[in-house]
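Enquirer: Okay, handing you the structure first.
In the working numbering, the protein residues as written are 322 to 519.
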């Protein structure tokens, strides 16, 4: 199984994501851990990579098969989130659910998707900003702000268990992936025999 931690949806994770994604993309399952995600931008750049679909396969004699698009994962995915995930950390599990990429596990997110795009410097060295944009759905309804994103599978963390090294959210994610892999192992399809001139 693979594990991708996204501590934010900004430049740090954008720089690190390719390194971890490319080395784990051939796993049968990938856990996307968005707990404590401080946000930054829309997480679509991460989810686009995780959610690309296979259009076709390529094979060569005496070599391994490849996919089109070339760099994708066929892994089952789950997302873990918690109440400390906000802004882009709210959007990560929300978009994960919207794309039906797999279950979201954990606790309801923070619920902070009102954004600030301008910051004014003051003469005393301080600054001033005010919220100036907000998210709404395709039906025109305000979403997520003050409500957060509710996981598909609600699992809270017990501090005593955590102090002993047991992470109930991570264990639930692993078990969910094991079930999904058993139900649908997603093997590479076998191609028909190479044509031979007669």
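Glycine included, each C-beta is placed from N, C-alpha and C at the ideal position.
(1) At a cut of 8 Å, does the region 334-353 reach the region 380-397 through at least three beta carbon pairs?
(2) Go ahead and pull the three-state DSSP assignment for residue 455.
(3) For residue 515, count neighbouring Cβ atoms within 10 angstroms of its own Cβ and tell me buried if that reaches 16, exposed if not.
(4) For the pair the region 493-506 and the region 456-469, tell me if three or more CB-CB distances fall below 8 Å.
(5) Is the separation between the beta-carbon of residue 430 and that of residue 453 shorter than 9 Å?
(6) Flag this pair as yes or no: are the beta carbons of residue 398 and residue 351 separated by less than 9 Å?
(7) Within the region 397-468, note down every full alpha helix (DSSP H) run reaching 4 residues or more, in order along the chain.
(8) So, under 8 Å CB-CB, residue 328 and residue 360 are touching, yes? Tell me the CB distance rounded to an integer number of Å.
(9) Look up residue 387 in the DSSP assignment and give the residues it is bridged to.
(10) Which partner residues does residue 267 have in the DSSP bridge list?
(11) Apply the 10 Å Cβ neighbour rule to residue 389 and answer buried if 16 or more other Cβ atoms are within range, or exposed otherwise.
(12) Where do the ends of the alpha helix (DSSP H) carrying residue 502 lie?
(13) Between the alpha carbons of residue 520 and residue 421, how many angstroms are there, rounded?
(14) From which residue to which residue does the alpha helix (DSSP H) around residue 333 run?
(15) With 16 other CB atoms within 10 Å as the buried threshold, where does residue 417 fall?
(16) Rounded to the nearest angstrom, what separates residue 377 and residue 384 at their Cα positions?
(17) Taking C-beta to C-beta, are residue 481 and residue 434 nearer than 9 Å?
(18) Quick check on residue 393: does DSSP put it in helix, strand or coil?
Expert: Put simply:
(1) Cβ pair count under 8 Å is three or more, so yes.
(2) In the structure shown, residue 455 falls within a strand segment according to DSSP collapsed to helix, strand and coil.
(3) Residue environment for residue 515: exposed (fewer than 16 other C-beta atoms within 10 angstroms of its C-beta).
(4) No contact exists between the region 493-506 and the region 456-469.
(5) No; because the gap between Cβ atoms is not below 9 Å, this pair is not in contact.
(6) Yes, the Cβ-Cβ distance between residue 398 and residue 351 is below 9 Å.
(7) Whole alpha helix (DSSP H) segments, 4+ residues: 409-419.
(8) 10 Å between Cβ atoms; not a contact.
(9) Bridge partners of residue 387: 379.
(10) This structure does not reach residue 267, given that the chain is present from 322 up to 519, and the question cannot be answered.
(11) Exposed is the label assigned to residue 389, since fewer than 16 other Cβ atoms lie within 10 Å of its Cβ.
(12) Per DSSP, residue 502 belongs to the alpha helix (DSSP H) from 489-504.
(13) The first residue shown for the chain is 322 and the last is 519, placing residue 520 beyond what the model contains.
(14) DSSP places residue 333 inside the alpha helix (DSSP H), whose first and last residues are 332-345.
(15) Looking at its Cβ environment, which holds 16 or more other Cβ atoms inside 10 Å, residue 417 is buried.
(16) If you take the alpha carbons of residue 377 and residue 384, they lie about 17 Å apart.
(17) Pairing residue 481 with residue 434 gives a Cβ-Cβ distance that is not under 9 Å.
(18) Three-state result, residue 393: coil.
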